[in-house]
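A.B. asks: Numbering (the working numbering), first residue to last: 377 to 479.
For every residue, glycine included, the Cβ atom is placed at its ideal position computed from N, Cα and C.
Here the structure is a predicted model, which means the values were calculated and not measured.
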Amino acid sequence: MWTLTLRGGARVAVVAAEWYDAFGVVTRGRVQLELRDGEPGPVLGRDAGFWLRGTGVRALRNPGRRTARVRIVTPRARTVTCQSTHPRTPSYRILEERHEQHE
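1. List the endpoints of the continuous beta strand (DSSP E) containing A424.
2. Which residue comes first and which comes last in the beta strand (DSSP E) that contains E410?
3. Using the three-state DSSP reduction, which class does A392 fall into: helix, strand or coil?
4. For G432, is the classification buried or exposed, using 16 other Cβ atoms within 10 angstroms of its Cβ as the cut-off for buried?
5. Could you tell me whether the Cβ atoms of A386 and A435 are closer together than 7 Å?
6. Kindly indicate which three-state DSSP category L428 falls into: helix, strand or coil?
7. From G384 to V446, what distance separates their C-alpha atoms?
8. Classify R437 as buried or exposed, calling it buried when 16 or more other Cβ atoms lie within 10 Å of its own Cβ.
9. For T443, which of G421, A398, G430 and L428 has the nearest alpha-carbon?
10. When you compare each of M377, A393, R412 and F399 to A424 by their alpha carbons, which one comes out closest?
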């Protein structure tokens with residue numbers, strides 16, 4: 377599990393090879409799904425969950441001013457650094473979540 381943090385107005389491309397098995401849950405703010413034809417998709421609020429596989433989503437975008445966070449669940453955890461396409465947001469980091477063992 378990892379966390380995607382999007383500053384206000386930030387956008388991240390969805391690369392099918394990297395996101396094909398991902399399930400996301402918005403944990404803070406709002407995230408808009410951008411469809412492959414360039415049309416804006418639905419805006420998802422806190423606690424909304426979504427699959428990316430086979431949905432035609434080409435990007436995730438934060439339509440607000442406040443930072444948004446999305447928890448991403450995949451079969452394998454990883455750390456990835458990406459560039460934002462928003463001019464005020466030079467970059468953001470997808471952080472690997474550390475799993476704590478519950479007894």
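C.D. replies: For this structure:
1. Segment: none, A424 is in no beta strand (DSSP E) and carries neither H nor E.
2. Residues V407 to L411.
3. Correct three-state label for A392: helix.
4. The residue in question, G432, is exposed, as its Cβ has fewer than 16 Cβ neighbours within 10 Å.
5. Contact: no.
6. Coil, per DSSP.
7. Cα-Cα distance, rounded: 13 Å.
8. Under this definition R437 is a buried residue.
9. With respect to the C-alpha of T443, the residue from G421, A398, G430 and L428 having the closest C-alpha is G421.
10. It is F399.
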